[in-house]
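Have a look at the structure below before the remarks.
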Amino acid sequence: MSSLKLLLVGDKSVGKRNLIITYTAHVFVGENVPMSFESCKAKVTINKEDLDLQLTSSAILTSKKFPEADCVVMCFAVDSYDSFESLEVKWYDVMKEHFPNTTLALLGTKTDLREDEERLEELELEDDSPIAWKEIEKLAKKLKIDNFYECSSKSGKGLSKFFEDLVKTTLHNKKNKKEIKKENVNEKEIEKEEEEEKEIKKEQKEEKLKTSIKLNLEYDPKIKINLTYEDENEEEVQKEKENENEKEEKKENEKKVKKEKEKQVQKEKEIQKVVKTKEN
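Numbering (the UniProt record's numbering), first residue to last: 1 to 280.
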């Protein structure tokens with residue numbers, strides 16, 4: 001059975017705990033939520049798949065207090081601009097830093113208050129109004145968050161759809177992460193094998209470079225001592241070979257020059273001989 005951990009964060013009194021209780025217990029408790037309540041577990045079935053769902057809420061902006069999560073839902077109440085604005089100025093940066101590779105979502109709660117006359121009158125006195133869907137959409141686009149919703153725990157409107165859509169998205173992202181992780185593991189294994197192969201080839205090359213070079217040291221015209229040594233330095237070996245080649249070439253050139261001189265001297269002698277013969 002698959003399991004998912006959802007973390008709901010946001011300012012106090014935006015309805016996070018009510019949201020969890022209403023969805024899991026199918027009852028709206030309103031202001032009677034136990035102060036000690038922060039999380040619960042539930043078994044849900046989505047797309048004919050059974051899931052263990054762990055739901056946790058937090059209003060504390062301290063990274064040390066955050067539990068592990070497959071998805072983080074940043075909540076605000078649609079009748080509170082302060083809670084809405086704090087998502088951008090307070091919660092978003094902390095969530096991105098603490099959960100860099102986790103699915104993020106925006107959720108507007110208490111949508112029933114958009115039609116509550118008493119609450120609307122209070123907002124009007126404050127020269128305020130409920131947050132519209134377009135504003136939620138605009139903020140989501142600004143923060144580059146693809147998942148944004150609104151619902152009401154009291155009326156139940158949008159509540160099931162929110163959880164179902166979010167769970168589907170989170171499961172999909174989680175599976176993709178596993179696939180990517182597998183691919184990365186395979187790539188690392190391939191890279192490791194390639195490195196090992198390179199190392200073997202390098203060792204083989206070094207073995208070949210350990211060539212035996214014979215030096216002829218002439219301590220006496222009649223005695224030649226042959227010494228063999230192994231040189232592990234390719235540059236030194238190459239340099240030694242080049243020096244030997246240069247010496248050989250130099251000797252050959254000297255021989256050629258000497259032969260040319262001898263030929264020239266011989267030729268001059270023959271010319272002189274011919275001249276003398278004619279004079280006589």
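For every residue, glycine included, the Cβ atom is placed at its ideal position computed from N, Cα and C.
Residue 99 and residue 69: beta carbons closer than 8 Å? Closer than 8 Å, so yes.
Could you check if residue 128 is buried or exposed, using at least 16 other CB atoms within 10 Å of its CB as the buried criterion? Exposed, by the Cβ-count rule.
Just tell me which of 125, 124, 22 and 40 has its CA closest to the CA of residue 52. When only C-alpha atoms are compared, the closest one is 40.
Can you look up residue 129 in the DSSP assignment and give me helix, strand or coil? Three-state DSSP puts residue 129 in coil, outside helix and strand.
Element boundaries [alpha helix (DSSP H), containing residue 155]: Where residue 155 is concerned, there is no enclosing alpha helix (DSSP H), given that its DSSP letter is neither H nor E.
When DSSP labels each residue in this structure, what does residue 25 get in the three-state scheme? In this structure, residue 25 counts as helix in the three-state DSSP scheme.
Can you tell me where the beta strand (DSSP E) holding residue 52 begins and where it ends? Start and end: 49–58.
Nearest to residue 157 (by Cα), restricted to the options 88, 114, 243 and 173: When each option's Cα is compared against that of residue 157, the closest is 114.
Between the Cα of residue 92 and those of 277, 139 and 4, spot the shortest distance and give me the residue it belongs to. Ranking 277, 139 and 4 by Cα distance to residue 92 puts 139 first.
Let me check one thing: in DSSP terms, what residues is residue 2 bridge-paired to? 51.
Should residue 131 be labelled buried (16 or more other beta-carbon atoms within 10 Å of its own) or exposed? Buried, since its Cβ has 16 or more Cβ neighbours within 10 Å.
Just how far apart, CA to CA, sit residue 134 and residue 141? Residue 134 and residue 141: Cα-Cα distance of roughly 11 Å.
Bridge partners of residue 73, per DSSP? Its beta-bridge partners are 8 and 105.
contact_flag[the region 164–175, the region 19–36] where n(CB pairs < 8 Å) is 3 or more: The region 164–175 vs the region 19–36: no contact.
Suppose you measure from the CA of residue 197 to the CA of residue 206; what does that come to, to the nearest Å? About 14 Å.
Let me check understanding here. Comparing Cα to Cα, which of 106, 177, 253 and 126 lies closest to residue 143? Of 106, 177, 253 and 126, the residue nearest in Cα terms is 106.
What are the boundary residues of the beta strand (DSSP E) that includes residue 96? From DSSP, residue 96 is part of no beta strand (DSSP E) but of the alpha helix (DSSP H) over 92–98.
Quick one: Cα of residue 215 to Cα of residue 246, how far? Its pLDDT being 39, under 50, residue 215 is placed unreliably in this model, and the value from its coordinates should be taken loosely. Spanning the alpha carbons of residue 215 and residue 246 requires a straight line of approximately 15 Å.
Rounded separation between residue 195 and residue 174 - CA only: Taking the straight line joining both Cα atoms gives about 31 Å.
Cβ shell of residue 136 (< 7 Å), same chain only, five flanking positions each side left out: Only residues of its own chain outside the window of five on either side were considered, and among them 106, 108, 148 and 150 have a CB closer than 7 Å to the CB of residue 136, listed in chain order.
Coil, strand or helix - residue 163 by DSSP: In the three-state DSSP reduction, residue 163 falls in the helix class (H, G or I).
Between the CA atoms of residue 1 and residue 281 - distance to the nearest angstrom: Residue 281 cannot be examined here, being either before or after the span of the chain that is shown, 1 to 280.
Delimiting residues of the alpha helix (DSSP H) encompassing residue 85: Start and end: 81–86.
Taking residue 170 as the reference, which of 13, 73 and 56 has the closest Cα? Nearest of 13, 73 and 56 to residue 170, Cα basis: 73.
Proximity of residue 71 and residue 103 at Cβ, strictly below 8 Å: Taking 8 Å as the cut-off, the Cβ atoms of residue 71 and residue 103 count as close.
Report the three-state DSSP secondary structure of residue 265 (helix, strand or coil). Looking at residue 265 - three-state DSSP - the assignment turns out to be helix.
7 Å CB neighbourhood of residue 12 in its chain, flanking five on each side removed: Cβ neighbours of residue 12 beyond the five flanking positions: 59.
Could you pull out every residue in the same chain whose Cβ sits closer than 7 Å to the Cβ of residue 86, ignoring the five residues on either side in sequence? Cβ within range, chain order: 11.
Of the residues 153, 84, 97 and 126, which one's Cα is nearest the Cα of residue 27? The candidate whose alpha carbon is nearest that of residue 27 is 153.
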